[in-house]
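**Q** Numbering (our numbering), first residue to last: 933 to 1332. Ideal placement from N, C-alpha and C gives every residue a C-beta, glycine not left out. First the structure, which I've put down as C-alpha cells, then a few questions once you've had a look.
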Ligand code: PMT
C-alpha cells in the first residue's frame, strides 16, 4: 500500500507557466491513493483551467476567499484544517512575498496563515527574480518558519533565459510528498536509540551472584517500539529469557561494570539513550575464585558501589537525549523528580514497584515526567505502554 493512501493533500497553484506540470503532479498523487483538493490564485486560472483540476481530483477547485457558498462553511478554515499537507506548486515570487509577509489577501495565502499542516513550496520564476535579494530574503523568512522549499531547478526557462528558476518536475514533487509522509510515520528514521534492559548479575563466586527480579520485558518492549518508529536500535541486555526484537542489535552483558563499559562505548553514536535496566547498585568487593564453603554460621559480604551508568552517560554526552526509569516503592513522583534532576535527564519514566508490581510482570503503570510536562499512563500491557512511551519520547526529542 502506498504511503499516500487516504492522505489529504491540498495543492496550491499560483500564476506561472509551470502550472501545467501541476496537473501531472495531481494525477500522480491521486494514483497513489491520496485525496487531493486544489486551491488556485486568480493568476493561476489564466494558465490552467480549474475544470482540468476538478476533473482530475473529482473535487471542486477553490479560488475565491469570498465565495459566498464556501464561506458559509468557513471555506478557508475548513481547507486549512482538512489538509494533512499543503504543497504550493508553482509558487511565484509574488506569492512567496505575500506568504513571507503574512498576508491574507486571497484564499491561498489565507489558508497558509490558517493551517497547522506542513507547508511545502516549489518556487518557479525567472532566474533574475529568483536571485533578487528580496526573493532570497523572503525565502529565508519562510524557512525560519519551518516552511520547506523545494527547488527551483536549473535549466532553460519559459522566458528564454537559462538559470535557476524552473519548478521541479511533477514526479520529483510527488516523491518529496511521499517522503514527507513516510518520515511522519517514522519520526525516528535515521536516529540511533540505545537501550539498557534486564537485570545485572554481580558474581559472589563462580556459581553465585546478586541480582534482582527484572525480566527485561519493559526494556525489550521499548526496543521494539523504537524500532517501529524507524530508529536503529541497540539493546544492551543483562541475562534474560527473551529473544531480541526483530531488527534490533543486541549486546549481552552480565555485570553492571560490563553494562557500563558497553553502554559508554555505544553512547558515542546514539541520539537517544533509555535506561530501563535494573542495574545492581552494589557488587561484592571480592569475587571468590572457588565456590565459597559453608564454614561459619554467619557470613557477611563486603559490597562496593557500582558505577551509575545513566549518570555517567548523561554527563559524558550532554547532547544525548537521556531517559531514565525510576523504580520506586514510595513517594514515586518526588523520588523520580529527584533522579531527573540529579542524573541530568531529559525525561524520566516512573513506575511503582513491589510484590507483583513492575518487575517480572506483563503489565506496568507509569508516570512520564519531563521539564514542564507530566503524563500518567494507566496500567496496561508493557508492549502497548512502550508504544505510548516511545511516542512521547520521539515527540519531545524532535521538539528539543
Ligand atoms: O524488566 P521488567 O521485569 O520488565 O521490569 C521493568 C522495570 C521495573 C525493571 C523497569 O520498568 C524499571 O523501572 N527499570 C529501572 C529500574 C531501576 O533500577 O530503577 P532505579 O530507580 O534504581 O534507577 C534509576 C535509573 O538509573 C534507571 O534508569 C536505571 O537503569 C539507572 N541506573 C541505576 C543504577 C546504576 N548503577 N546505573 C543505572 O544506569
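Measuring CA to CA, which of 983, 1076, 1079, 1112 is closest to residue 939?
**A** When only C-alpha atoms are compared, the closest one is 1112.
**Q** Could you give the C-beta distance for residue 1296 and residue 1314, rounded to a whole number, given that I count them as a contact under 8 Å?
**A** Indeed they touch by this definition, with Cβ atoms about 5 Å apart.
**Q** Compute the minimum distance between the beta carbon of residue 1242 and the heavy atoms of ligand 1, and state whether it is under 8 Å.
**A** Indeed, a heavy atom of ligand 1 lies less than 8 Å from the Cβ.
**Q** Kindly list the residues whose CB is nearer than 7 Å to the CB of residue 1090, restricted to its own chain and excluding five residues on each side of it in sequence; keep chain order.
**A** 949.
**Q** Could you tell me which residues DSSP puts in a beta bridge with residue 1140?
**A** Looking at the DSSP assignment, residue 1140 forms a beta bridge with 1137.
**Q** Taking C-alpha atoms, which residue in 997, 1084, 1020 lies nearest to residue 1009?
**A** Closest option to residue 1009, Cα to Cα, is 997.
**Q** So what does DSSP say about residue 1245, is it helix, strand or coil?
**A** Helix.
**Q** Given a threshold of 16 other Cβ atoms within 10 Å of its Cβ, counted over all protein chains shown, does residue 933 qualify as buried or as exposed?
**A** Unreliable placement is indicated for residue 933, whose pLDDT of 44 sits below 50; no coordinate value is reported for it.
**Q** With three or more beta-carbon pairs closer than 8 Å as the criterion, would you say the stretch 1267 to 1286 touches the stretch 1248 to 1255?
**A** Yes, they touch.
**Q** Measuring alpha carbon to alpha carbon, tell me which of 1250, 1041, 1155, 1176 ends up nearest residue 1206.
**A** If we check each option's Cα against that of residue 1206, 1155 comes out closest.
**Q** Between which residues of its own chain and residue 961 is the CB-CB distance below 8 Å, once the five residues before and five after are set aside?
**A** Once the five neighbours on either side are set aside, the close Cβ partners of residue 961 are 936, 941, 943, 968, 1106, 1109.
**Q** When you compare the CB positions of residue 1173 and residue 1165, do they come within less than 9 Å of one another, or not?
**A** Their beta carbons are not under 9 Å apart, which means residue 1173 does not touch residue 1165 by this criterion.
**Q** Return the CA-CA distance between residue 1011 and residue 1301, expressed in angstroms with no decimal places.
**A** The straight-line gap from Cα to Cα measures roughly 36 Å.
**Q** Count the other CB atoms, across all protein chains shown, that sit within 10 Å of the CB of residue 1333; report buried if there are 16 or more and exposed otherwise.
**A** This structure leaves residue 1333 out entirely; the chain is present only between 933 and 1332.
**Q** Could you tell me the alpha carbon to alpha carbon distance between residue 1053 and residue 1017, rounded to whole angstroms?
**A** Using only the alpha carbons, I get a separation of about 11 Å.
**Q** Along the alpha helix (DSSP H) that carries residue 1091, what are the first and last residues, could you check?
**A** Premise fails: residue 1091 is in no alpha helix (DSSP H) and is neither H nor E.
**Q** For the candidate residues 1163, 1022, 1222, 1189, whose alpha-carbon lies nearest to that of residue 1169?
**A** Nearest C-alpha to residue 1169: 1189.
**Q** In terms of DSSP beta bridges, what is residue 1289 paired with?
**A** Answer by DSSP bridge pairing, in chain order: 1286.
**Q** Decide yes or no for the touch test of the stretch 1201 to 1216 against the stretch 1125 to 1134: beta carbon pairs closer than 8 Å, at least 3 of them.
**A** A contact exists between the stretch 1201 to 1216 and the stretch 1125 to 1134.
**Q** Helix, strand or coil, according to DSSP, for residue 1331 in the structure here?
**A** Looking at residue 1331 - three-state DSSP - the assignment turns out to be helix.
**Q** Quick check: is any heavy atom of ligand 1 less than 8 Å from the C-beta of residue 1308?
**A** No, Cβ of residue 1308 sits at least 8 Å from all heavy atoms of ligand 1.
**Q** Tell me which same chain residues have a C-beta within less than 6 Å of the C-beta of residue 1120, skipping the five on either side of it?
**A** Counting only Cβ-Cβ distances below 6 Å, and skipping sequence neighbours, we find 1161, 1162, 1163, 1326.
**Q** How is the beta strand (DSSP E) around residue 1052 delimited, first residue to last?
**A** Unbroken beta strand (DSSP E) run through residue 1052: 1051 to 1055.
**Q** Could you tell me the distance, in whole angstroms, from the CA atom of residue 1264 to the CA atom of residue 1248?
**A** Going from the Cα of residue 1264 to the Cα of residue 1248 covers about 27 Å.
**Q** Between the alpha carbons of residue 1004 and residue 1046, how many angstroms are there, rounded?
**A** Summary for residue 1004: the model assigns pLDDT 48, below 50, so the residue's position carries little reliability; its value from the coordinates is reported in the next sentence. Cα-Cα distance, rounded: 17 Å.
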